[in-house]
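In our numbering, the protein residues as written are 20 to 95. Heads up, the beta-carbon is just placed ideally off N, CA and C, and yes, glycines get one too. These numbers were taken from a predicted model, which means no experiment stands behind them.
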Amino acid sequence: KLGISVRQVNRRIKQYQDKGKAAFVHGNKDRKPVNCLTTEINNQIVTLYRSKYQDCNLKHFVELLENLEDIHVSYT
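Below you can see the structure in the form of structure tokens.
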């Protein structure tokens, strides 16, 4: 059982006939998320955490980044 409808199976067959195996590869494969940090910003955050803010917990560190360093990242 595939857990999909007959219509969906027909669509998959048509896609396979048109594109071959590539029809089963997700369309977002190899794309970076739009909310992804650059390597430069990521390295800057790690450096700050290891040096200047090493005694802070993560929540406080994120707040300090926002208020003092003007770097806005999500806590999660």
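Taking all protein chains in view, the Cβ of Phe43 is surrounded by fewer than 16 other Cβ atoms within 10 Å, so the residue is classified as exposed. By the C-beta density criterion, Val81 is buried, having at least 16 other C-beta atoms within 10 angstroms. Ile64 sits close to Ile90, with the two beta carbons spaced by under 8 Å. The beta carbon of Thr57 sits closer than 6 Å to no other beta carbon from its chain once the five residues preceding and following it are set aside. Collapsing the DSSP output to three states places Asp49 in coil.
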